[in-house]
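Notes follow once the structure below has been shown.
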Amino acid sequence: MKRYRWVVLGLMVLLTFINYVDRASLSIVAPYVMEEFALSPAQMGVLFSGFFASYALFCFIGGYVSDIYGPKKTITIALILWSVFAAAPAVAWSFASLLVFRILFGAGEGPVSSVTNKMINNWFPATERAKAKGITDTGMSLGAALAGPIVGLIAVQYGWRISFITLAVMGFVWVIFWQRLVTDLPKDHPHVSPAELQEIETGKVTSVQTTVKLPLSYYIKQPIIVATVVAFFATNYATYFFLTWFPSYLVMAHNLSIKNMAIVSVIPWLFGALGYGLGGFISDYLVKKLGKLVLARKLVISVCLAGAAVSIGLCGLVSTATAAVALMSCGIFFAYLATPSYWAIIQDSVQSDSVGRVGGFVHFLSNTAGIFAPSVTGYIVQVSGHFTSAFFLTGGLAITGALLVAVFAKPVKGSAAPGL
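Everything in the sequence shown is counted per my numbering, starting at 1245 for the first residue and increasing by one.
Right, here's the structure in full:
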C-alpha cells in the first residue's frame, strides 16, 4: 500500500471519536445524575473537574512514557484503563464513588492527544503534520457531537447507567484493530513501501540543530512554548466549559428537554469538527505559502482565538437557545481551527525524541483548564443564578491567548524551523 500512514491516521480518528463520546457522556446525563444523587451545581462541577485533574496529569505522563516505550503500547494500556472506568459509573452508589470513578477515568484518557501527536511525528513529514493532527482531532468533535444522540437516547430508553456500559464496549473493540494494524515506526511496518518511507523521512525537519538532547526545562522556558501553553489553556477552557455545562445551560436557561438538548447540542460540535479539519489544512497551506513555520502557525492561532473570544462573549448576552447555539458554534469552530497549530508548533520547535514529553507537558498545563472551567462555572451559576459571567470569562481568556501568541511566539533559539 503506497500511503499506509493514512490507515494509521484513520485508526487515530476512531480513537479520538471514542475518547470524546466517553468523555462527554456524564455531561449528557448530568440532569439525571443530579436528580438521583441530589447534587448541587457546585458538586456537579467538582465531578467534572475530578476527571480533568487526573486527565491533565496523565497528559504529561502519557507523553513522557511514549518517548520511552512507544506510542502503540502507551495507547493500548491507556485505552483499556479508560474503558473499564468509563463503564464504572453504572454501579455508582454515591457522590464519592462517582468522583473516584471519574478521576480514574481521566487518568486513562489523559495520554491520548500527546501520544497521537507522537505517532504523527513518527509517521508524517513536517508539511503534513498540522493537517494530520487536525484530521485526527475531528474525531473528538464528532464524538462529542454524537454523544448527545447516542448517550441521550440510550439514557431515555434504558436509563443513564446502561449508557456507560454500552460506551465501554467500543474501546475494547478498537484496541484489537490497533494491536494488529499499527507499529510505532513506519520502517517497521510491512505495508509501508520504500517510496512512502522515503517520502516520510525526507519530509522530516530536524527541529533543533544539535546532537545534544535538550532537557524539558530548556523548552518550557522558551517564549513560544509559554505563549502556546496560555493559548492552548484558553482553547481548552472554552472546550471544557462547553463540554461540561453547555448541555445543562440549554436545559436550565432555555428550558429545553433532555431529548431536545441532546439533539441541539450536536450542532456546535459539528462546527468544531469542521474547524479541526480545516485548521490543519490552512496551517500547512500557510507554511508552504509563506515559507515560515512560526509565522504561519501564529497567524492561525491569533486570528482564530480572537474570533472565538467575540463569539463566546456575545453568547452570554443572548436570550434565545437558537442564538446561543449559533454563537457557540462559531466560537467552537474558531477555537478548534487554531488547535492543530498548537501541536504543529511543538513538532516544529522540539527534537523528535522529545516531542512526546514536551507535548505532554504542554498538554498537561493547558488541560488544567479542565479543573477550573467546570468548578468555576458551577460556582458562578450557583452564586449568580445565571451563566452570563461564565461566558464573559471564557471569551476574555481567549483574547488573552491570542495576544500572547501574536507578541511572544518566536522560533526557539537554534531551531531549524524557518522563523518570522
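Yeah, the Cβ is synthetic: ideal placement off N, Cα and C, and Gly gets one too. These numbers were taken from a predicted model, which means no experiment stands behind them.
Rounded to whole angstroms, the separation of the alpha carbons of Tyr1276 and Phe1635 is 24 Å. Residue environment analysis places Asp1381 among the buried positions, since at least 16 neighbouring C-beta atoms fall within 10 angstroms of its C-beta.
Beyond the five residues adjoining it in sequence on each side, Leu1641 comes within less than 6 Å, by CB distance, of Ala1478, Tyr1481 in the same chain, given in chain order. Per DSSP, the unbroken alpha helix (DSSP H) holding Gly1392 starts and ends at 1373-1402. Taking C-beta atoms as the reference points, Ala1334 and Ile1409 count as a pair closer than 8 Å. Between Asn1361 and Gly1603, the C-beta spacing is below 8 Å.
Of the candidates Trp1422, Leu1253, Gly1294, Val1251, Trp1422 places its Cα closest to the Cα of Lys1317. Assigned with DSSP and collapsed to three states, Thr1360 falls in helix. Where Gln1591 is concerned, the enclosing alpha helix (DSSP H) starts and stops at 1565-1593.
Burial check for Lys1375: the Cβ neighbour count within 10 Å reaches 16 or more, so the residue is buried. Between the segment 1540-1560 and the segment 1499-1517 there are fewer than three C-beta pairs closer than 8 Å, too few to call the two in contact.
Per DSSP, Gln1466 is not a residue of any alpha helix (DSSP H), being assigned neither H nor E.
Phe1476 sits close to Ser1610, with the two beta carbons spaced by under 8 Å.
Within the same chain, and ignoring the five residues on either side of Thr1638 in sequence, the residues whose Cβ sits closer than 7 Å to its Cβ are Tyr1481, Ala1482, Phe1485, Ile1556.
The Cβ neighbour count for Glu1279, taken over all protein chains shown within 10 Å, is under 16; the residue is labelled exposed.
No Cβ-Cβ contact shorter than 8 Å links Ser1284 with Gln1595. For Pro1618, the secondary structure class from DSSP, reduced to helix, strand or coil, is helix. Within the segment 1273-1357, the complete alpha helix (DSSP H) runs of at least 4 residues fall at 1285-1313, 1315-1331, 1339-1353. In the structure shown, the three-state DSSP call for Gly1603 is helix. Burial is judged here by how many other beta carbons sit within 10 angstroms of a residue's own beta carbon; Gly1535 has fewer than 16 and is exposed.
Per DSSP, reduced to three states, the secondary structure at Lys1457 is coil, with no helix or strand assignment. Under the three-state reduction of DSSP output, Ser1509 falls in the coil class, being neither helix nor strand. Exposure of Lys1431 is indicated by the presence of fewer than 16 other C-beta atoms within 10 angstroms of its C-beta.
Scanning its chain for C-beta atoms nearer than 6 Å, with the 5 sequence neighbours on each side dropped, one finds around Trp1489 the residues Thr1621, in chain order. Around the beta carbon of Val1413, a 10 Å sphere encloses fewer than 16 other beta carbons of the protein chains shown; the residue is thus reported as exposed. The continuous alpha helix (DSSP H) containing Arg1541 extends over residues 1537-1559.
In the DSSP annotation of this structure, the continuous segment of the alpha helix (DSSP H) that includes Thr1638 starts and ends at 1632-1652. With 16 or more other Cβ atoms inside 10 Å of its own Cβ, Ile1468 counts as buried.
Take Ala1268, set aside five residues on each side of it, and the residues of its chain with a beta-carbon closer than 8 Å to its own are Gly1387, Ala1388, Ala1391, Gly1392, Val1395, Leu1487, in chain order.
Boundaries cannot be given for Thr1612, as no alpha helix (DSSP H) includes it and DSSP labels it neither H nor E.
Residue environment for Tyr1402: exposed (fewer than 16 other C-beta atoms within 10 angstroms of its C-beta).
Taking C-beta separations shorter than 6 Å and ignoring five residues to either side along the sequence, the partners of Pro1512 in its chain run Met1572, Ser1573, Ile1576, following chain order. For Leu1441, the uninterrupted alpha helix (DSSP H) run begins and ends at 1438-1446, by DSSP.
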